[in-house]
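K.L.:
Under this note's numbering, the first residue of the sequence shown carries the number 15, and numbering increases by one thereafter.
All C-beta atoms in this analysis are idealised placements derived from N, C-alpha and C, irrespective of residue type, glycine included.
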Amino acid sequence: MPKVLVSDPIDQVGIDILSQVAQVDVKTNLSPDALVQIIPDYDALMIRSGTRVTEAVIAAGKQLKIIGRAGVGVDNVDVPAATRRGILVVNSPEGNTVAAAEHAVAMMFALSRYIPNWDW
Numbered sequence: 015m016p017k018v019l020v021s022d023p024i025d026q027v028g029i030d031i032l033s034q035v036a037q038v039d040v041k042t043n044l045s046p047d048a049l050v051q052i053i054p055d056y057d058a059l060m061i062r063s064g065t066r067v068t069e070a071v072i073a074a075g076k077q078l079k080i081i082g083r084a085g086v087g088v089d090n091v092d093v094p095a096a097t098r099r100g101i102l103v104v105n106s107p108e109g110n111t112v113a114a115a116e117h118a119v120a121m122m123f124a125l126s127r128y129i130p131n132w133d134w
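1) Under 8 Å: do the segment 29-37 and the segment 64-75 share three or more Cβ pairs, one atom per stretch?
2) Buried or exposed for Ala58, going by 16 or more other Cβ atoms inside 10 Å?
3) So, helix, strand or coil for Asp30, using DSSP?
4) By how many angstroms is the C-alpha of Ile53 removed from the C-alpha of Leu44?
5) With DSSP collapsed to three states, give me the class of Gln77.
6) Helix or strand or just coil, what does DSSP make of Met15?
7) By Cβ distance below 7 Å, which residues in the same chain neighbour Ala74 in space, the five residues on each side in sequence not counted?
8) Within the continuous beta strand (DSSP E) that includes Asp39, where are the two ends?
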């Protein structure tokens, strides 16, 4: 069974889904050195925006096959280094569209009620 390291907080539902097909270890707030130390044991890495996946992490991840970003973009992943090693880098660009839409509507309400004018 593949081993997945989840290095940033994600919803328990996501962990439960992953657990159906892999052994999942959740270890958050790892230092860069700690991540380099433990990544050789894993086939996959699930991150959000808190973990930086550097060339050193990728080089240490001898078994890594995929790096998944739970969110938009992959700016915290050294994609060229992953590509050179044949590691897939994926993200979930539509994961927060509802939250973004809700925020946009809230900002429109705030502007229509002149709320920013009262922030002294």
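P.N.:
By the coordinates alone:
1) no
2) Translated into positions along the sequence shown, residue 58 becomes position 44. Per the 10 Å Cβ criterion, buried.
3) Here residue 30 corresponds to residue number 16 of the sequence shown, with the count starting at 1. Note: Asp30 maps to helix in three-state DSSP.
4) In the sequence shown, residue 44 corresponds to position 30, counting from 1. In the sequence shown, residue 53 corresponds to position 39, counting from 1. When rounded, the distance between both Cα atoms is 11 Å.
5) Residue mapping note: residue 77 aligns to position 63 of the sequence shown, counting from 1. The answer is coil: DSSP assigns Gln77 none of H, G, I, E or B.
6) As a working mapping, residue 15 is identified with position 1 in the sequence shown. In the structure shown, Met15 sits in coil (DSSP, three-state: anything other than H, G, I, E or B).
7) On the sequence shown, residue 74 is found 60 positions in, with the first residue counted as 1. Result list for Ala74: Val50, Ile53, Pro54, in chain order.
8) Taking the sequence shown and counting its residues from 1, the one referred to as residue 39 is at position 25. Unbroken beta strand (DSSP E) run through Asp39: 37-40.
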